[in-house]
Structures are given as C-alpha cells and as structure tokens.
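Engineer:
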Amino acid sequence: MGGKFLQRLVGGLLGLAFVISTACAVTKDRLSEVHLPPGFFIEVFANAPGVRAITVSPELKTVFAGSKDHAVYAIPYGGEKAGETLLLKAGLRVPHGVAWRDGYLYVGEQHRISRYRGDSLEALAKARPETIFDDLTDSGWHGRRDLAFGPDGMLYVSAGSPCNICMPEGNQGVIIRINPDGSDPAIFARGIRNSVGMDFHPKSGALHFTDNGADQMGDDLPPEELNRAEKAGLHFGFPFFGGGNARTNDFSRLAPPASAVQPDLTFGAHVAPLGLHFYKGEMFPADMRGDAFVAHHGSWNRSIPDGYRVARVRFDENGRAWTWQPFTEGMLNWGRPVDVSELPDGSMLVSDDRQGVIYRITYAP
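Sequential numbering of the sequence shown, starting at 649, is according to the working numbering.
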C-alpha cells in the first residue's frame, strides 16, 4: 500500500469513526538504526497520521493521540499489543494536545480547549464537544496547545507566543491553570516562548516544562530549556532572553524582570524539546524511575542538524534536574519524536509526526 492508509466504516462499533489501516513506512531495518541502551528494544506500536501528543486511559485501555492536522485518534490495546487505530474525531483545528481525566477526553485545539464525556469509545465517538476555555490567540505560530493535569486536580494549558521574538500580550507566552470544567482560569507562569511539553515530578509535584528557544540567533544560540515551576507567578525570561541566559537583540536594552527564572537544565540550540514525561513504571531499571524523558523533535535551522532523539534527564533525590544524556539516537533524517507517554506495564510510548507512528520501547535485561 506504499504508506497510504485505507479508511472503512466500523459498523455498529464506533458510529461515524473510521479504522485507519496503514502500511507502516518504518521497517525493521530502519528501526535497527535506533541506538538504545543495552537491554532496550523498540518496535512500532501503532500508526496515526501526523500524531502529536499522546495520553493513556487505563480505564478504557486506550491510547488517545492528537495530531498536527484535524484528527484525534483512539488506539485500543490489550496486553502488549495495539488494536486498529480509530479516527475518533475529525474536522478539528490542530488538535495537538490530549489528556484523560475522570471519564473526559480533553482536547487542546489552536483556538479552544474542549472535553468529551464517555465511558466507552462508542460514547466518546458520539459525544459533542463541551468548550471549556477559548481565550486563546488563534495563531498558527506556536498554536500547539499542550495539556497536563497536575496533582492539584487542575488542568494546565500551554499557550505559546505568536512570534519568533516579541512581547507577548494577554494569554500569550504563558501556562494557564483552570479547573477541569474551565472555571477560574489564571496565568500560572509567564515569560515563555513556546512550551509543548509538561509533566509533574512524581515526588515534589512541581511542574516541569520544555521551552523552545528563539530562531535566527545562530547555530549554537540560544540553548533550549527545561524549566521548573514549583509555584505560581514565576517569569521565565522571554522575550528578554531567547533561551537560557542568551539575551535577544530586540530586548537587550530593556531590563528583564528581577524575578526572571533561569532554566533548571538546558539542551543544545535548536533541538526543539517537545513532549516531557516522568517515568513511573517498573519495567525499566529502578534508577530510571523518577527521571524525565524528553522528545527532541530536531532542528530545522541549524547547519549541522541536532535532536531527533529522546533524551533522558537525570534528577537528584531533591527532585532537581542535574544532567541529561541521549536515550535514543539514530532517527536523523527520517524520524521526529514529539511526545512520550507510558503504558500501565511500564513500557514507553514515543510519537513520531514525520512517520505518523507511535513506537513502543521495552526493556528485557
């Protein structure tokens, strides 16, 4: 089928949803190019065209996947294997972000955050959207909304700055915190250029998020960021800093806020850190539990490309990031990791929007 996918109606199961039956372009030979630490193995888990953020519902035994186009997919799984990929929702506007909580599927589109109620895939397929928040800049520049629920039970929404370097206004360049029904919205953090990955440390409960540095500042500037927001009200430096402590020319004559927070950890320039996940399972070695895994989507504006990997960020006993190292390598020129999640068995899922697949990484010493 040469990478094309066929769609057929699922009579009696999901109403108007379709099954995506696609021939995978990622061969075993290609996956053999992926370098992992000893004992780890990677395989294709499922296909989902343009897949972006992913989240797991243990209750429904389903992986939900947002996309860079118009669709949200549902991928039932049983044990170690995925079922067929189902087109759950279509006609949406860049539904990058997805989150599952208390029987609701939350979807972050470019212009709004909605949720769908359902105790089964059939009910979710039929559910109409309940818009819970729409005070977002409807811009294609940094309009990918990431979603994450915190230990406080509230929903955190990333809203990037609609520019390369500019002064954000209103709900731009921020992380917004709202109740699950959309009430009581408030800005939790500001001074952010474009965050497309958030998770909460399993012990400290602190929010950690990635931030993409400014373009057109050179091959090696600015560094990309992993930030820690242990409380509300912090400013993370943009646009006074393009990333890390690298000042932008546009705002170099203006003093940054005295309270501007520097990142906990930096990555190389233009690696485009996106999805972030703290590992909580028991399949991987015990010393990986509590560490973060970050998808480096990869550079598009660097003379020597960098990124195209999943990075492991090491954390100390106090919950502070102290170093990082590659976890996967070898996807340069063919794969672009976007998000990282975890199945109940402790295996890791990694989405790739270039290949339109979700990988599963397992460990067998």
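Ideal Cβ placement from N, Cα and C applies to all residues, glycine included.
List the whole-angstrom C-beta distance separating residue 892 from residue 871, where the pair is believed to meet the contact cut-off of C-beta under 8 Å.
Structural biologist: Indeed, because the Cβ distance is near 4 Å, the residues count as touching under 8 Å.
Engineer: Name the two residues that bound the continuous alpha helix (DSSP H) containing residue 778.
Structural biologist: Premise fails: residue 778 lies in the beta strand (DSSP E), 778-781, not in any alpha helix (DSSP H).
Engineer: Looking at residue 884 and residue 897, is the spacing between their C-beta atoms short of 7 Å?
Structural biologist: No; because the gap between Cβ atoms is not below 7 Å, this pair is not in contact.
Engineer: Hey, could you find the ends of the alpha helix (DSSP H) residue 677 is sitting in?
Structural biologist: Looking at the DSSP string, the run of the alpha helix (DSSP H) that includes residue 677 is 676-679.
Engineer: Between residue 785 and residue 810, how many whole angstroms is the CB-CB distance? I'm expecting something under 8 Å.
Structural biologist: Rounded, the Cβ-Cβ distance is 5 Å, consistent with contact.
Engineer: Span of the alpha helix (DSSP H) holding residue 773?
Structural biologist: Counting along the chain, the alpha helix (DSSP H) containing residue 773 begins and ends at 769-774.
Engineer: What does the Cβ neighbour count give for residue 902, buried or exposed, with the cut at 16 atoms within 10 Å?
Structural biologist: It counts as exposed.
Engineer: For residue 873, list the residues DSSP reports as bridge partners.
Structural biologist: According to DSSP, which records beta bridges pairwise, residue 873 is partnered with 859, 914.
Engineer: DSSP on residue 906, reduced to helix/strand/coil?
Structural biologist: Residue 906 falls in the coil class under three-state DSSP.
Engineer: For residue 797 and residue 803, I'd like the C-alpha separation in whole angstroms.
Structural biologist: Between residue 797 and residue 803, the C-alpha separation is close to 5 Å.
Engineer: Please name the residue in 916, 829, 996 whose C-alpha comes closest to that of residue 953.
Structural biologist: Closest by alpha carbon: 916.
Engineer: If residue 997 and residue 1007 are in contact, beta carbons under 8 Å, what's the gap, nearest whole angstrom?
Structural biologist: Contact flag correct, Cβ pair sits at about 7 Å.
Engineer: Which partner residues does residue 974 have in the DSSP bridge list?
Structural biologist: Beta-bridge pairing links residue 974 to 959.
Engineer: Along the chain, which unbroken stretches of the alpha helix (DSSP H) at least 4 residues long are found entirely within the region 796-867?
Structural biologist: List check, alpha helix (DSSP H) in window: nothing returned.
Engineer: Confirm, please, whether the CB-CB distance from residue 857 to residue 846 is below 7 Å.
Structural biologist: Yes, these two residues count as a Cβ contact at 7 Å.
Engineer: Could you give the first and the last residue of the continuous beta strand (DSSP E) run that contains residue 737?
Structural biologist: Here the beta strand (DSSP E) through residue 737 covers 733-737.
Engineer: Can you tell me which of the three DSSP states residue 696 falls into?
Structural biologist: Correct three-state label for residue 696: coil.
Engineer: Measuring CB to CB, does residue 930 end up less than 7 Å from residue 994?
Structural biologist: Going by C-beta atoms, residue 930 is nearer than 7 Å to residue 994.
Engineer: Roughly how many angstroms separate the alpha carbons of residue 716 and residue 736, rounded to a whole number?
Structural biologist: Cα to Cα, the separation comes out at about 15 Å.
Engineer: Hey, how far is the Cα of residue 729 from the Cα of residue 831?
Structural biologist: Roughly 38 Å between the two C-alpha positions.
Engineer: With DSSP as the reference, please indicate the residues paired to residue 942 in a beta bridge.
Structural biologist: Paired residue(s): 924, 959.
Engineer: Can you tell me where the beta strand (DSSP E) with residue 715 in it begins and where it stops?
Structural biologist: First-last of the beta strand (DSSP E) with residue 715: 710-715.
Engineer: Give the single residue among 991, 710, 946, 1009 whose Cα lies nearest to the Cα of residue 983.
Structural biologist: Nearest of 991, 710, 946, 1009 to residue 983, Cα basis: 946.
Engineer: I need the DSSP call for residue 934, collapsed to helix, strand or coil.
Structural biologist: Residue 934 falls in the helix class under three-state DSSP.
Engineer: Counting pairs of Cβ atoms below 8 Å between the region 675-684 and the region 962-972, do you hit three or more?
Structural biologist: Contact between the region 675-684 and the region 962-972 is absent, because fewer than three Cβ pairs lie under 8 Å.
Engineer: Starting from residue 722, follow its DSSP beta bridges and name the residues at the other end.
Structural biologist: Paired residues: 712, 734.
Engineer: My output table needs one value for residue 899: the three-state DSSP class, helix, strand or coil.
Structural biologist: Three-state result, residue 899: helix.
Engineer: Taking C-alpha atoms, which residue in 956, 773, 754 lies nearest to residue 979?
Structural biologist: Of 956, 773, 754, the residue nearest in Cα terms is 956.
Engineer: Is DSSP giving residue 982 helix, strand or coil here?
Structural biologist: It is coil, neither helix nor strand.
Engineer: With a CB to CB cut of under 6 Å and the five nearest residues on each side skipped, what residues in its chain are close to residue 972?
Structural biologist: Cβ neighbours of residue 972 beyond the five flanking positions: 959, 961.
Engineer: Between residue 888 and the rest of its own chain, which residues show a CB-CB distance below 6 Å, the 5 nearest in sequence each way excluded?
Structural biologist: Same-chain partners within the cutoff: 899, 904.
Engineer: Can the beta-carbon of residue 747 be found less than 7 Å from the beta-carbon of residue 723?
Structural biologist: Going by C-beta atoms, residue 747 is not nearer than 7 Å to residue 723.
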